[in-house]
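Numbering (the numbering used here), first residue to last: 180 to 284.
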């Protein structure tokens with residue numbers, strides 16, 4: 180049974196690239212994509228993916244706020260933070276708010 184994944188990044192090219200990498204094998208199934216934190220929160224409740232790959236910096240609700248909201252609704256989805264900023268503060272804040280890991284863009 181494949182691991183279900185929700186991709187969240189405000190840059191379409193990043194989502195397409197990650198999708199292409201994950202779809203090369205049969206271990207992952209992309210169940211949705213979002214370009215904002217608002218859409219991510221709606222999709223995570225609807226699709227209930229195993230994993231969300233989540234950009235930290237987005238317009239509107241950012242990735243850290245998405246993590247906080249997911250904790251409030253007690254979502255079982257595990258989150259891997261995707262960031263272009265190698266700043267430790269983002270990573271530490273994300274981990275404190277429930278992220279399971281992070282990947283630099």
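Cβ coordinates follow ideal geometry from the N, Cα and C atoms, glycine included.
Query raised in the report: Are the stretch 261-273 and the stretch 212-226 in contact at 8 Å, needing three or more beta carbon pairs?
Result: Pairwise C-beta distances place the stretch 261-273 out of contact with the stretch 212-226, as fewer than three of them are shorter than 8 Å.
Query raised in the report: Based on the DSSP secondary-structure assignment, which residues constitute the bridge partners of residue 213?
Result: 187
Query - Buried or exposed by the 16-neighbour rule on C-beta atoms within 10 Å, applied to residue 216 - result: buried
Query raised in the report: From residue 255 to residue 199, what distance separates their C-alpha atoms?
Result: 25 Å
Query raised in the report: Is the beta carbon of residue 184 sitting closer than 8 Å to the one on residue 238?
Result: no
Report task. Could you work out which residue in 226, 248, 262 is closest to residue 235 when comparing CA atoms only? Result -> 262
Report task. Throw me the rounded Cβ distance for the residue 186 and residue 209 pair, which I believe falls under 8 Å. Result -> 6 Å
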